[in-house]
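> Before anything else, here's the structure in question.
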Amino acid sequence: MKRIAGILSLFLLFTACGKQENFVPDFPVNFSAPLTDPNISRLSTPGGAVSFNNYGVAGIIIYRRADNQYVAYDRCSTVNPEQKNAIVLDDPALTATDPVSGAKYSLYDGSPVKAPAKTSLKRYNAYVAGNTLYVKN
Numbered sequence: 190m191k192r193i194a195g196i197l198s199l200f201l202l203f204t205a206c207g208k209q210e211n212f213v214p215d216f217p218v219n220f221s222a223p224l225t226d227p228n229i230s231r232l233s234t235p236g237g238a239v240s241f242n243n244y245g246v247a248g249i250i251i252y253r254r255a256d257n258q259y260v261a262y263d264r265c266s267t268v269n270p271e272q273k274n275a276i277v278l279d280d281p282a283l284t285a286t287d288p289v290s291g292a293k294y295s296l297y298d299g300s301p302v303k304a305p306a307k308t309s310l311k312r313y314n315a316y317v318a319g320n321t322l323y324v325k326n
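With the numbering used here, letter number 135 in the sequence shown gets 324, and the count goes up by one each step, no holes.
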């Protein structure tokens, strides 16, 4: 019984102390723009996407889904996030790609669609209040 408890303890120790891979750190995001702003005009129709630098870890991407919901992600690739590689929008804007690793992500839900990505993009809260689009965490 002691041997089983010892093995179980060692197993828990090694799994609990493992390095968490593909972790994009928390970073404050406070973006807002009127829906009439020309910088976000691509969001006027479903399937549109825009990206901005100087927000989050490597910038943000905002996407308008077919159900007219807005979603926002950090542009930091989840492949080697310590490098802070910014993903770029593909054309058409259904996916975004990490130009360094080749990883590809769905803009609908941020999930990885091409290796070596294994982890979804870091998501931020995106919502419209009045005539203004907000992205916050």
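Ideal placement from N, C-alpha and C gives every residue a C-beta, glycine not left out.
1. Near residue 290, which residues of its chain fall below 8 Å by C-beta distance, leaving aside the five closest residues on each side in sequence?
2. For residue 311, report the span of its beta strand (DSSP E) as first-last.
3. DSSP on residue 232, reduced to helix/strand/coil?
4. If we count the other Cβ atoms within 10 Å of its Cβ and call it buried at 16 or more, is residue 240 buried or exposed?
5. Between the C-alpha atoms of residue 313 and residue 324, what's the straight-line distance to the nearest angstrom?
6. Kindly indicate which residue of 221, 228, 217 and 232 has the alpha-carbon position closest to the one of residue 283.
7. In the DSSP output, what is residue 321 paired with across the bridge?
8. Taking the beta strand (DSSP E) that residue 241 belongs to, which residues open and close that run?
9. To which residues of the same chain is residue 309 closer than 8 Å at the C-beta, ignoring the five residues directly before and after it?
10. Would residue 296 be called buried (16 or more neighbouring beta carbons within 10 Å of its own) or exposed?
11. Among 261, 288 and 235, which has the Cα closest to the Cα of residue 245?
According to the structure shown:
1. On the sequence shown, position 101 is the one that residue 290 refers to. Counting only Cβ-Cβ distances below 8 Å, and skipping sequence neighbours, we find 266, 268, 269, 274, 305 and 306.
2. Translated into the one-based positions of the sequence shown, residue 311 becomes position 122. No beta strand (DSSP E) contains residue 311, which DSSP labels as neither H nor E.
3. Taking the sequence shown and counting its residues from 1, the one referred to as residue 232 is at position 43. Helix, per DSSP.
4. Here residue 240 corresponds to residue number 51 of the sequence shown, with the count starting at 1. Residue 240 comes out buried.
5. The residue you call residue 313 lines up with position 124 of the sequence shown. The residue you call residue 324 lines up with position 135 of the sequence shown. If you take the alpha carbons of residue 313 and residue 324, they lie about 6 Å apart.
6. Start at 1 with the first residue of the sequence shown, and residue 283 comes out as number 94. The option with the nearest alpha carbon to residue 283 is 232.
7. On the sequence shown, residue 321 is found 132 positions in, with the first residue counted as 1. Answer is 223 and 318, bridged to residue 321.
8. Position 52 of the sequence shown, counting from 1, holds the residue named residue 241. Counting along the chain, the beta strand (DSSP E) containing residue 241 begins and ends at 238-241.
9. As a first step, residue 309 must be located in the sequence shown, where it is residue number 120. Answer for residue 309: 267, 294, 298, 299, 300 and 301, listed in chain order.
10. Locating residue 296 in the sequence shown gives position 107, counting from the first residue. Classification of residue 296: buried, given that the 10 Å Cβ count is 16 or more.
11. Locating residue 245 in the sequence shown gives position 56, where the first residue counts as 1. Of the listed residues, the one whose Cα sits closest to residue 245 is 261.
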